[in-house]
Amino acid sequence: MPPVETFHWSADIISNRPQTLHFTFAILTRDGQVAGYCAWDPYVLLKG
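Counting the sequence shown from 1 gives a position; the working numbering is that position plus 690.
Written out as structure tokens, the structure reads:
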């Protein structure tokens, strides 16, 4: 399995209010085995 170097997410802003985003992802070894799982919940204010 080739290594993954980057990911990109996009979203449309439909209101000007605070939002919490939820990202859950796995960290893989070079062999493609799961080394662990992570979660990240950033809180941001989006303005359109």
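Beta carbons: idealized from backbone N, C-alpha and C, even for Gly.
Apart from sequence neighbours up to five positions away, the residues of its chain that approach L718 with a beta-carbon distance below 7 Å are V724, A725, ordered along the chain.
DSSP, read as helix, strand or coil, puts P732 in coil. Taken through DSSP and simplified to helix, strand or coil, T714 comes out as strand.
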